[in-house]
Amino acid sequence: MIHSPEHIVILGAGAVGCFVGATWAIAAPDWRFTLIARPHLAQDLAGGMRLTDYDGLDRKYAPQIETTPEALRSATLIVLTVKGPATQAAIAQIEAHAPADVPVLTLQNGLEPARLLKQSMPDREVLTGTVTFNVSRQGKNQWHKGSRGGVFANEHPILRQLAEAAEGGPAELELVKDMVPVQWGKLLLNLNNAVNALSGLTLREQLSQRTYRRVLAASIGEALDIMEYAAILPMRVGATTPQAAVRLLRLPDFLFTNIALRIQKMDAHARSSMADDFAAGRLTEIDDLNGEIVRLAHEKGVKAPVNAAILKLVKLAENGGRRQYSGPELVDAVKARG
Numbered sequence: 001m002i003h004s005p006e007h008i009v010i011l012g013a014g015a016v017g018c019f020v021g022a023t024w025a026i027a028a029p030d031w032r033f034t035l036i037a038r039p040h041l042a043q044d045l046a047g048g049m050r051l052t053d054y055d056g057l058d059r060k061y062a063p064q065i066e067t068t069p070e071a072l073r074s075a076t077l078i079v080l081t082v083k084g085p086a087t088q089a090a091i092a093q094i095e096a097h098a099p100a101d102v103p104v105l106t107l108q109n110g111l112e113p114a115r116l117l118k119q120s121m122p123d124r125e126v127l128t129g130t131v132t133f134n135v136s137r138q139g140k141n142q143w144h145k146g147s148r149g150g151v152f153a154n155e156h157p158i159l160r161q162l163a164e165a166a167e168g169g170p171a172e173l174e175l176v177k178d179m180v181p182v183q184w185g186k187l188l189l190n191l192n193n194a195v196n197a198l199s200g201l202t203l204r205e206q207l208s209q210r211t212y213r214r215v216l217a218a219s220i221g222e223a224l225d226i227m228e229y230a231a232i233l234p235m236r237v238g239a240t241t242p243q244a245a246v247r248l249l250r251l252p253d254f255l256f257t258n259i260a261l262r263i264q265k266m267d268a269h270a271r272s273s274m275a276d277d278f279a280a281g282r283l284t285e286i287d288d289l290n291g292e293i294v295r296l297a298h299e300k301g302v303k304a305p306v307n308a309a310i311l312k313l314v315k316l317a318e319n320g321g322r323r324q325y326s327g328p329e330l331v332d333a334v335k336a337r338g
């Protein structure tokens, strides 16, 4: 039950920020929600939003939109959903405009953005969260949840009320005391972002081809080995454990499509956020995803050749190089085995 009115400001209203912010606003109608978006997106949002998902959701919502960070002045909670490369700029906006006692909840991918927030704002409460489903923008005004999943976040009084209100909804909120295992578990899920982007296919099309799955299995398997060496135990945040996912990914196509894809409940049109970055010519979050595995390996004095190769391919694509590979080509490029 909502006990007190709050002002939740979504800073960096892209696909995830728009969908999560709007669905939470619908769940908590007595609270004020503001989306801070780029001017071109704000123009589209002014026409209202349509929220859909793979399971039949179809809702309309008229958001409160701002294009400048002044809205942070009256926030009681800031939800940060900018891409990883934009974190430093967002920190500057928060420090310039938000009262010092206003907490920040980051829903960004990877572990580095949360580290940077805490290092840069040591006197501000920084809450960590993660979104375990895919969101894509379809047309000017439609935001679509393309896979199963919810939102995890640290315990906090405001979030406890929001979790009650959002229970059973498309952006259901689960609160946990220790987000680090969840972050590592989500990072393993996000390792498919690069494989999907480099395939040029939808997630379902890409995952229906064993050669692409071999690359993903090699990437996750390598990451699990490095995490074990570093005494990191990732939490299960997907339909299966990461270890089981590696085994499933290596199955023949007819078994995988009839078992794993049905479990995942993935929309036929869903693509990874990195694929969207490729299409828009934006910098990706590869440094915070596969790059995190490479950094951990370096820190522990071991190697991560598969994830390093994927990192290199995405960096080349960001700089105008080749962006699309067939499954066999990608297997060869990263020397995936199994």
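If you count by the UniProt record's numbering, then the sequence shown holds residues 1 to 338, one letter each, in order.
Just so it is clear, CB atoms sit at the ideal spot from N, CA and C, and this is done for glycine as well.
If you draw a straight line from the alpha carbon of residue i to that of residue j, how long is it in whole angstroms?
{"i": "residue 280", "j": "residue 153", "result": "29 Å"}
{"i": "residue 141", "j": "residue 48", "result": "7 Å"}
{"i": "residue 1", "j": "residue 76", "result": "For residue 1, the pLDDT reaches just 48, beneath the cut-off of 50, and the residue's location in the model is therefore unreliable, although a value from the coordinates is still provided. Computed Cα separation, rounded: 18 Å."}
{"i": "residue 107", "j": "residue 283", "result": "18 Å"}
{"i": "residue 56", "j": "residue 268", "result": "13 Å"}
{"i": "residue 347", "j": "residue 115", "result": "Because the chain is modelled from 1 through 338, residue 347 falls outside the range shown and cannot be assessed."}
{"i": "residue 58", "j": "residue 128", "result": "29 Å"}
{"i": "residue 186", "j": "residue 236", "result": "8 Å"}
{"i": "residue 9", "j": "residue 254", "result": "45 Å"}
{"i": "residue 84", "j": "residue 256", "result": "32 Å"}
{"i": "residue 224", "j": "residue 5", "result": "43 Å"}
{"i": "residue 190", "j": "residue 109", "result": "8 Å"}
{"i": "residue 325", "j": "residue 155", "result": "42 Å"}
{"i": "residue 30", "j": "residue 159", "result": "15 Å"}
{"i": "residue 318", "j": "residue 266", "result": "27 Å"}
{"i": "residue 247", "j": "residue 173", "result": "29 Å"}
{"i": "residue 138", "j": "residue 179", "result": "31 Å"}
{"i": "residue 202", "j": "residue 222", "result": "24 Å"}
{"i": "residue 7", "j": "residue 231", "result": "39 Å"}
{"i": "residue 209", "j": "residue 285", "result": "24 Å"}
{"i": "residue 33", "j": "residue 16", "result": "15 Å"}
{"i": "residue 181", "j": "residue 300", "result": "18 Å"}
{"i": "residue 183", "j": "residue 157", "result": "21 Å"}
{"i": "residue 78", "j": "residue 238", "result": "26 Å"}
{"i": "residue 329", "j": "residue 37", "result": "38 Å"}
{"i": "residue 74", "j": "residue 46", "result": "21 Å"}
{"i": "residue 295", "j": "residue 336", "result": "20 Å"}
{"i": "residue 259", "j": "residue 143", "result": "28 Å"}
Using CA atoms only, rank isn't needed, just tell me which of the options is closest to residue i.
{"i": "residue 277", "options": "229, 320, 261", "result": "320"}
{"i": "residue 18", "options": "60, 6, 220", "result": "60"}
{"i": "residue 229", "options": "33, 164, 293", "result": "293"}
{"i": "residue 35", "options": "80, 52, 29, 55", "result": "80"}
{"i": "residue 272", "options": "194, 5, 128", "result": "194"}
{"i": "residue 42", "options": "32, 30, 51, 14", "result": "14"}
{"i": "residue 313", "options": "303, 180, 287, 296", "result": "287"}
{"i": "residue 192", "options": "5, 6, 290", "result": "290"}
{"i": "residue 323", "options": "302, 190, 299, 274", "result": "274"}
{"i": "residue 105", "options": "336, 162, 211, 50", "result": "162"}
{"i": "residue 216", "options": "178, 259, 244", "result": "244"}
Residue i and residue j look like a contact to me (Cβ under 8 Å); what is the Cβ gap, rounded to whole Å?
{"i": "residue 334", "j": "residue 310", "result": "6 Å"}
{"i": "residue 130", "j": "residue 113", "result": "11 Å between Cβ atoms; not a contact."}
{"i": "residue 270", "j": "residue 136", "result": "6 Å"}
{"i": "residue 213", "j": "residue 250", "result": "7 Å"}
{"i": "residue 82", "j": "residue 12", "result": "3 Å"}
{"i": "residue 91", "j": "residue 51", "result": "Incorrect: roughly 29 Å between the Cβ atoms, too far for contact."}
Short check: CB of residue i to CB of residue j, under 8 Å?
{"i": "residue 242", "j": "residue 220", "result": "yes"}
{"i": "residue 120", "j": "residue 133", "result": "no"}
{"i": "residue 207", "j": "residue 261", "result": "yes"}
{"i": "residue 145", "j": "residue 44", "result": "no"}
{"i": "residue 226", "j": "residue 308", "result": "no"}
{"i": "residue 188", "j": "residue 234", "result": "yes"}
{"i": "residue 356", "j": "residue 94", "result": "Absent from the model: residue 356. The displayed extent of the chain is 1 to 338, so no value can be given."}
{"i": "residue 304", "j": "residue 165", "result": "no"}
{"i": "residue 69", "j": "residue 97", "result": "yes"}
{"i": "residue 211", "j": "residue 327", "result": "yes"}
{"i": "residue 402", "j": "residue 302", "result": "Lying before the first or after the last residue shown, residue 402 is absent from the chain, which here runs from 1 to 338."}
message: Does the contact criterion of 3 or more C-beta pairs under 8 Å hold for the segment 121-139 versus the segment 95-107?
response: yes
message: Taking 8 Å as the cut-off, does the segment 64-73 touch the segment 193-210 (at least 3 CB pairs, one atom from each stretch)?
response: Taking 8 Å as the limit for Cβ pairs, the verdict is that the segment 64-73 does not touch the segment 193-210.
Touching by the beta-carbon criterion (3+ pairs, under 8 Å), the segment 21-29 and the segment 157-172: yes
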